[in-house]
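Residue numbers (this note's numbering): 11 to 543.
For every residue, glycine included, the Cβ atom is placed at its ideal position computed from N, Cα and C.
Reviewing the structure listed below.
Now the structure itself:
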């Protein structure tokens with residue numbers, strides 16, 4: 011390919027071409043009128059990224075709606091296995107418990123309806139973060155917890171708990187009228203919690219849409235989300251797409267490249283934007299310029315950074331057989347081309363003074379993984395590893411920031427779950443003989459074994475038929491087995507002095523239990539004989 015010398019087009023032709031390109035890329039359309047509805051859409055709404063954003067918002071809204079709809083089955087982050095003796099399975103929800111309450115209500119079993127309704131309310135409060143059951147122990151502590159967290163239905167909650175304790179734990183019969191009054195009070199709290207949940211869901215949807223919209227506006231202002239600033243692929247205000255397309259339509263041999271400057275032929279013009287990765291004073295670049303290369307060096311600063319060559323014009327340096335043209339980086343940006351094309355046209359005039367085969371927009375340093383660091387001691391520059399963050403597209407960065415905000419929000423909302431877990435001591439129905447076991451435990455702790463022995467002994471005597479003052483005499487007359495053991499117990503209890511040892515105490519208890527079983531067996535035998543007769 012031979013070297014070319016282009017005749018610079020007239021300013022009018024250049025401006026006309028620029029206007030066409032600006033229109034195609036949507037920079038000159040301030041609004042778009044839709045006659046059918048008479049509504050004007052701003053220019054940014056014609057941007058394909060806006061359409062993509064709207065599509066993302068719709069998809070996101072659908073996903074959030076599905077999450078809200080189904081979250082009742084999986085939102086229980088702190089698993090509750092049991093409430094008030096009721097097993098809480100993975101599929102158990104406040105509404106399934108409420109349904110059970112309604113079933114008992116329909117059968118007239120209002121006491122059981124109160125139980126299931128109350129448990130359903132506690133689970134609903136737990137799932138909506140009104141009450142954390144792993145931080146409470148008893149019904150009284152539930153009230154204290156709610157009061158400390160400024161719950162506004164404390165009187166109603168106290169009323170509900172008092173009636174629950176009275177009718178459920180007190181084994182009282184509840185009539186329909188009382189139940190309906192209790193249910194009405196509970197429903198007022200239930201509805202308030204549901205309204206609170208709906209409000210949180212609305213805020214979630216609004217916040218998500220707001221974040222996505224803000225992300226779009228930031229992206230729209232900076233251009234294409236997949237291209238860095240000052241790239242010919244960037245169609246935003248800080249891109250070079252308009253200038254690149256304009257040169258192409260005017261017949262200039264322009265091309266984008268990501269190959270280092272020094273690896274190109276010297277019969278090309280390299281347009282480069284300065285950044286931390288580009289060292290214009292690099293020995294390889296100096297050698298390339300010296301051998302006849304031409305660089306258009308677009309910089310955001312002055313040209314004092316060039317340490318070689320002779321400045322024979324305001325912004326042109328000559329070095330060996332080559333040249334470096336220094337220009338402000340903003341003169342050919344899309345945003346500046348909308349305002350004025352004068353400086354961009356001057357750059358074309360300067361380029362056309364040289365012979366070349368092709369004009370390269372060199373973007374190697376926009377994607378390079380190295381950067382330049384100046385050493386002030388020996389006035390040299392070294393290349394250091396660059397941060398990957400710098401080359402992540404702006405929109406991807408915004409998405410990362412959004413994810414960070416979501417994580418922060420998640421931990422903020424769930425913060426109350428952190429720390430040492432406080433066990434839940436649940437109130438359940440009392441088991442059989444629980445009172446007896448509790449009293450026996452207290453007697454044992456108080457070392458009142460003599461009282462326990464007296465109680466057991468009296469329970470034995472009560473099984474002897476009325477009319478026998480001497481139960482041992484009855485035992486002998488009836489010829490009951492284990493007479494010697496009965497005699498030992500009788501003598502021990504009538505002539506006891508002081509407390510027994512632990513082994514003696516246990517032996518006496520076992521013997522008394524054995525004697526009682528003998529009497530029970532004899533009574534059953536008499537009953538069977540009488541029944542057969």
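Whole-angstrom distance between residue 274 and residue 375, CA atom to CA atom: Here residue 375 refers to the residue found at position 365 when the chain shown is read from its first residue. Here residue 274 refers to the residue found at position 264 when the chain shown is read from its first residue. Taking the straight line joining both Cα atoms gives about 14 Å.
CB contact check: residue 270 to chain B, cutoff 8 Å: No chain B appears in this structure, which consists of one protein chain only.
Euclidean distance between Cα positions of residue 245 and residue 310: Here residue 245 is taken as the residue at index 235 of the chain shown, counted from 1. Here residue 310 is taken as the residue at index 300 of the chain shown, counted from 1. Straight-line Cα distance between these residues: approximately 19 Å.
Proximity below 8 Å, CB of residue 351 to CB of residue 247: Mapped onto the chain shown, residue 351 falls at position 341. Mapped onto the chain shown, residue 247 falls at position 237. Taking 8 Å as the Cβ cut-off, residue 351 and residue 247 do not qualify as a contacting pair.
Per DSSP, cross-strand counterpart(s) of residue 283: As a first step, residue 283 must be located in the chain shown, where it is residue number 273. Residue 283 is bridged to 308.
Stretch pair the region 151–171 + the region 97–105: three plus CB contacts closer than 8 Å: Taking 8 Å as the limit for Cβ pairs, the verdict is that the region 97–105 does not touch the region 151–171.
Selected residue, minimal CA-CA separation from residue 202, among 192, 19, 140: Here the question's residue 202 lines up with position 192 in the chain shown. Distances from the CA of residue 202 to each of 192, 19, 140 were compared; the closest alpha carbon is that of 140.
Assigned secondary structure, residue 37 (DSSP; H/G/I helix, E/B strand, else coil): Position 27 of the chain shown, counted from the first residue, corresponds to residue 37. Under the three-state reduction of DSSP, residue 37 is assigned to coil, being neither helix nor strand.
Whole-Å CB distance - residue 164 paired with residue 121, under 8 Å assumed: Reading the chain shown from its first residue, position 154 is the one you call residue 164. Reading the chain shown from its first residue, position 111 is the one you call residue 121. In fact, because the Cβ distance is near 25 Å, the residues do not count as touching under 8 Å.
Candidates 486, 366, 417: closest to residue 17 by CA position: As a first step, residue 17 is located in the chain shown; it is residue number 7 there, counting from the start. Among 486, 366, 417, the Cα nearest to that of residue 17 belongs to 366.
Coil, strand or helix - residue 508 by DSSP: As a position in the chain shown, residue 508 is number 498, starting the count at 1. Coil, per DSSP.
Closest Cα partner of residue 289 within the set 305, 301, 276: Position 279 of the chain shown, counting from 1, holds the residue named residue 289. If we check each option's Cα against that of residue 289, 305 comes out closest.
8 Å Cβ cutoff met for residue 265 and residue 370: Here residue 265 refers to the residue found at position 255 of the chain shown. Here residue 370 refers to the residue found at position 360 of the chain shown. Between residue 265 and residue 370, the gap from beta carbon to beta carbon is short of 8 Å.
Unbroken beta strand (DSSP E) run spanning residue 335, endpoints: Residue numbering aside, residue 335 sits at position 325 when the chain shown is read from its first letter. It spans 332–338 - the beta strand (DSSP E) in which residue 335 sits, taken as one unbroken run.
Counterpart residues of residue 372 in DSSP-defined beta bridges: Within the chain shown, numbered from 1, the residue matching residue 372 stands at position 362. BP columns for residue 372 point to 267, 282.
Where the alpha helix (DSSP H) containing residue 329 begins and where it ends: Here residue 329 refers to the residue found at position 319 when the chain shown is read from its first residue. Where residue 329 is concerned, there is no enclosing alpha helix (DSSP H), although the beta strand (DSSP E) it sits in stretches over 326–329.
Reduced DSSP secondary structure (H/G/I, E/B, other) of residue 518: Within the chain shown, the letter at position 508 stands for residue 518. Residue 518 sits in a helix when the DSSP states are folded into three classes.
Per-residue DSSP class, three states only, for residue 458: Taking the first residue of the chain shown as 1, we reach residue 458 at position 448. If DSSP states are grouped into helix, strand and coil, residue 458 belongs with coil.
Per DSSP, the bridge partner or partners of residue 320: In the chain shown, residue 320 corresponds to position 310, counting from 1. DSSP, once it has assigned bridges, lists 328 as partnering residue 320.
Where residue 366 sits in the DSSP three-state scheme: Indexing the chain shown from 1 puts residue 366 at position 356. Reduced to three states, the DSSP call for residue 366 is strand.
From 354, 196, 524, residue whose alpha carbon lies closest to that of residue 338: Stepping through the chain shown from its first residue, residue 338 is reached at position 328. Of 354, 196, 524, the residue nearest in Cα terms is 354.
Proximity winner among 323, 329, 308, 324, relative to residue 317 (alpha-carbon distances): Reading the chain shown from its first residue, position 307 is the one you call residue 317. The candidate whose alpha carbon is nearest that of residue 317 is 329.
Pairwise C-alpha distance: residue 34 and residue 276: If you number the chain shown from 1, residue 276 lands on position 266. If you number the chain shown from 1, residue 34 lands on position 24. The straight-line gap from Cα to Cα measures roughly 34 Å.
Neighbourhood of residue 357 by C-beta distance below 8 Å, restricted to the same chain and skipping five residues each side: Along the chain shown, read from residue 1 onward, the residue named residue 357 stands at position 347. 306, 335, 337, 341, 342.
Alpha carbon of residue 24 to alpha carbon of residue 345, nearest angstrom: Residue numbering aside, residue 24 sits at position 14 when the chain shown is read from its first letter. Residue numbering aside, residue 345 sits at position 335 when the chain shown is read from its first letter. The C-alpha of residue 345 is placed about 17 Å away from the C-alpha of residue 24.
Where residue 251 falls, given that 16 or more other Cβ within 10 Å makes a residue buried: Taking the chain shown and counting its residues from 1, the one referred to as residue 251 is at position 241. Label assigned to residue 251: buried.
Residue 528 versus residue 467: straight-line alpha-carbon distance, rounded: Start at 1 with the first residue of the chain shown, and residue 528 comes out as number 518. Start at 1 with the first residue of the chain shown, and residue 467 comes out as number 457. Their backbone Cα atoms lie some 15 Å apart in a straight line.
Exposure of residue 181, with buried meaning 16 or more beta-carbon neighbours within 10 Å: For this step, residue 181 is matched to residue 171 along the chain shown. Only exposed fits residue 181, as fewer than 16 other CB atoms lie within 10 angstroms of its CB.
Reduced DSSP category for residue 21 - H, G, I as helix; E, B as strand; rest coil: Working through the chain shown from its first residue, we reach residue 21 at position 11. Three-state DSSP puts residue 21 in a helix.
Assigned secondary structure, residue 163 (DSSP; H/G/I helix, E/B strand, else coil): Translated into positions along the chain shown, residue 163 becomes position 153. Residue 163: coil per DSSP, three-state reduction.
Residue 300 - DSSP class collapsed to helix/strand/coil: For this step, residue 300 is matched to residue 290 along the chain shown. Three-state DSSP puts residue 300 in a helix.
Environment of residue 278 [buried if 16+ CB atoms lie within 10 Å]: Numbered from its first residue, the chain shown carries residue 278 at position 268. Answer is buried; the Cβ neighbour count reaches 16.
Assigned exposure category for residue 280 - 16 Cβ within 10 Å defines buried: As a working note, residue 280 is residue 270 in the chain shown. Buried, because 16 or more other Cβ atoms sit within 10 Å of the Cβ of residue 280.
Residues of its chain near residue 195, where Cβ-Cβ distance is below 7 Å and the 5 sequence neighbours each way are ignored: On the chain shown, residue 195 is found 185 positions in, with the first residue counted as 1. If we look at residue 195 and ignore the five residues flanking it on each side, its Cβ neighbours are 166, 169, 170.
Rounded separation between residue 515 and residue 495 - CA only: Sequence index remark: in the chain shown, residue 515 carries index 505 (1-based). Sequence index remark: in the chain shown, residue 495 carries index 485 (1-based). In a straight line, the C-alpha of residue 515 is about 14 Å away from that of residue 495.
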